[in-house]
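K.L.:
Numbering (the numbering used here), first residue to last: 11 to 438.
Structure incoming, see below.
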Amino acid sequence: MCFSYTQIVFNIPRGTRDFTPEDMQKRRYLEKSMSDTFNSFGYGEVQTPMFENLDLFTAKSGEGIIDEIYSFPDKGGRNLALRPELTAPVMRFYVEKMQMEPKPLKLFYFGNCFRYDRPQKGRYREFMQAGCELIGTNTPEAQAELIAMAYKLLENAGLKTITLSIGNLNILSVLFEKLGLSKENQKYLTPLIDKSQFEDVYDALVDFNVKPKDATAFLEILQSSDVEKISEYLKDNEIVKKELNDLKIITGLLENAFDVKDYEIKMSIVRGLDYYNGLVFEIEAPCLGAEKQLCGGGAYDLIELFGGRESPTSGFAIGFDRTLIALETEGYKFTIPQLDAYLISVNEDVLEKTLEIAQMLRKQKITTDVDLLRRGIGKSLKYASSINAKKAIIVGPKELEQDSVTIKNMETGDQEIVKIKDIVSKIK
């Protein structure tokens, strides 16, 4: 009788990735680097569930977001969604449990997020986001510190070339008002401005019955980094006066207190106009080409939307995966972890003693692995080299009679007999 079966091959879902040990070493490096920087600025880490009630995200972004996310009813009929971002969950967490905490409240987080996007380089359906929220203050020094921290997160991680752009949505709103643009016209223009499609912006303004000279002046201001020029164009507007004065304080602090001198003023930065207000900023990595934005943030109003008491809030999100790609593109040399010791048994009789020595080393925080294939000394040494072990420890019956082992330096090839009681000090 002949039996046959069909072998099933399971493929990874589209837009997701598997990570090798080498990949994970890079990811853990970046996560630790960012955590260290967050901590150095006095931020504390929080974590929220991977799924939330669907209405949390529709309240923030509208019903249209349902087409862009993974949403589903659970067995109890509740409409849930895998989180597409982390700001809304953290704001929900704050309103629910942290409103009475002393202010300012500084929170940071890492977490996997999910969006039903078309996968492309640096953009996946499952991705990690890093970010933070600063709740309870919106002073210029607080906002300068926030921008500086975002810059230092990327700089401390090892990126050499990043560009910082700072804008202000309150000033942009005044620019729109100066031209007499309706909310509908503004909504049409903002995606074009966001993509720097300024010729299309000009054509649209003319279609909206804006005089060509006024459209040209608007675009000049939109692309200007000259604060005095912006001030002159919008003179006598009290909102603009205050915002530009704060902007001068912020940029002065960035340069003098935080040593962040490479930035530009850019009034064409457009973020979520429904809830962002005032200061906005973006950081890009030019090495990534078109998909170069790594970080975006600013000041926003979300707490009241989720039922909390009004409090000034600002923050930013960083594309964790895209930051890793930028580091790799720039040729950053990630540190390759080394195994401290690899133990090899000469024969089966010394296996138990070999494992005993391995455990002794592990208790002393020495990273240790053991040959588990009984493959012989030659092949085991070759394997030890392939896994980047610093030392190979050969356990043989003759050496054990003297309570000793042979330690081989895998870099130099030198080896010596060492008492078992001295192994730890020898390796350290």
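Glycine included, each C-beta is placed from N, C-alpha and C at the ideal position.
Per the contact definition of three or more C-beta pairs closer than 8 Å, is the stretch 289 to 309 in contact with the stretch 353 to 366?
P.N.:
Judged by Cβ distances under 8 Å, the stretch 353 to 366 makes no contact with the stretch 289 to 309, as fewer than three pairs qualify.
K.L.:
The beta strand (DSSP E) with residue 430 in it runs from where to where?
P.N.:
First-last for residue 430: undefined, no H or E at that position.
K.L.:
Is it true that the CB of residue 254 sits closer than 8 Å to the CB of residue 234?
P.N.:
no
K.L.:
Kindly confirm or deny that the stretch 291 to 300 and the stretch 254 to 266 touch, where touching means at least three C-beta pairs closer than 8 Å.
P.N.:
no
K.L.:
DSSP beta-bridge partners for residue 136?
P.N.:
124
K.L.:
With residue 251 and residue 176 assumed to form a contact (beta carbons below 8 Å), what rounded beta-carbon distance in angstroms separates them?
P.N.:
With a Cβ gap of about 18 Å, residue 251 and residue 176 do not count as contacting.
K.L.:
Is the beta carbon of residue 304 less than 8 Å from the beta carbon of residue 328?
P.N.:
yes
K.L.:
Please list the terminal residues of the continuous beta strand (DSSP E) segment that includes residue 225.
P.N.:
Not the beta strand (DSSP E): residue 225 falls in the alpha helix (DSSP H), residues 222 to 232.
K.L.:
Just to confirm, are residue 321 and residue 313 a CB contact at a threshold of 8 Å?
P.N.:
yes
K.L.:
Taking buried to mean at least 16 other C-beta atoms within 10 Å of its own C-beta, is residue 10 buried or exposed?
P.N.:
Outside the shown range of the chain, which is 11 to 438, sits residue 10, and nothing can be said about it.
K.L.:
If you draw a straight line from the alpha carbon of residue 183 to that of residue 160, how long is it in whole angstroms?
P.N.:
25 Å
K.L.:
Considering only residues of the same chain and omitting the five flanking positions on each side of residue 136, which have a CB-CB separation below 7 Å?
P.N.:
So the qualifying residues of the chain are 25, 26, 122, 124.
K.L.:
Output the distance between the C-alpha atoms of residue 82 and residue 90, rounded to the nearest integer angstrom.
P.N.:
Their backbone Cα atoms lie some 5 Å apart in a straight line.
K.L.:
Could you give the distance in angstroms between the alpha-carbon of residue 299 and the alpha-carbon of residue 87?
P.N.:
44 Å
K.L.:
With DSSP as the reference, identify every bridge partner of residue 144, one or two as the case may be.
P.N.:
116, 324
K.L.:
Please say whether residue 53 and residue 142 have beta carbons closer to each other than 8 Å?
P.N.:
yes
K.L.:
Give the DSSP-derived three-state secondary structure of residue 288 in the structure shown.
P.N.:
strand
K.L.:
By Cβ distance, which residues of its chain are closer than 7 Å to residue 169, with the 5 residues on each side in sequence left out?
P.N.:
Around residue 169: 295, 336, 337, 340.
K.L.:
Since residue 78 and residue 134 are thought to touch, with beta carbons under 8 Å apart, how far apart are those beta carbons, to the nearest angstrom?
P.N.:
That belief does not hold up - the Cβ atoms of residue 78 and residue 134 are roughly 14 Å apart, past 8 Å.
K.L.:
Look at the alpha carbon of residue 217 and the alpha carbon of residue 128, and state the distance between them as a whole number of angstroms.
P.N.:
32 Å
K.L.:
Looking only at its own chain, which residues have a Cβ that is under 6 Å from the Cβ of residue 260, when we skip the five neighbours before and after it?
P.N.:
The residues are 150, 153, 154.
K.L.:
Would residue 395 pass as a contact of residue 370 if the rule is Cβ separation under 8 Å?
P.N.:
no
K.L.:
Assuming residue 364 and residue 405 make a contact with CB atoms under 8 Å, what is their CB distance in whole Å?
P.N.:
With a Cβ gap of about 4 Å, residue 364 and residue 405 count as contacting.
K.L.:
Which of the three DSSP states, helix, strand or coil, is assigned to residue 178?
P.N.:
strand
K.L.:
Under 8 Å between the Cβ atoms of residue 224 and residue 185?
P.N.:
no
K.L.:
Of the residues 116, 71, 215, 163, which one's Cα is nearest the Cα of residue 191?
P.N.:
Answer by Cα proximity: 215.
K.L.:
Could you pull the start and end residues of the beta strand (DSSP E) that residue 440 belongs to?
P.N.:
For the chain, the structure presents residues 11 to 438; residue 440 sits outside this window and is missing.
K.L.:
Starting from residue 273, follow its DSSP beta bridges and name the residues at the other end.
P.N.:
Looking at the DSSP assignment, residue 273 forms a beta bridge with 174.
K.L.:
Considering only the alpha carbon of each residue, which of 221, 434, 197, 232 lies closest to residue 181?
P.N.:
Cα-wise, what sits closest to residue 181 is 232.
K.L.:
Using the rule of at least 16 other Cβ atoms within 10 Å of the residue's Cβ for burial, across every protein chain shown, is residue 287 buried or exposed?
P.N.:
buried
K.L.:
In angstroms with no decimal places, state the Cα-to-Cα distance between residue 426 and residue 164.
P.N.:
45 Å
K.L.:
What runs of the alpha helix (DSSP H), each 4 residues or longer, lie entirely inside the stretch 322 to 368?
P.N.:
Taking only runs of at least 4 residues, the alpha helix (DSSP H) segments lying wholly in the stretch 322 to 368 are 330 to 339.
K.L.:
According to DSSP, which residues form a beta bridge with residue 379?
P.N.:
352
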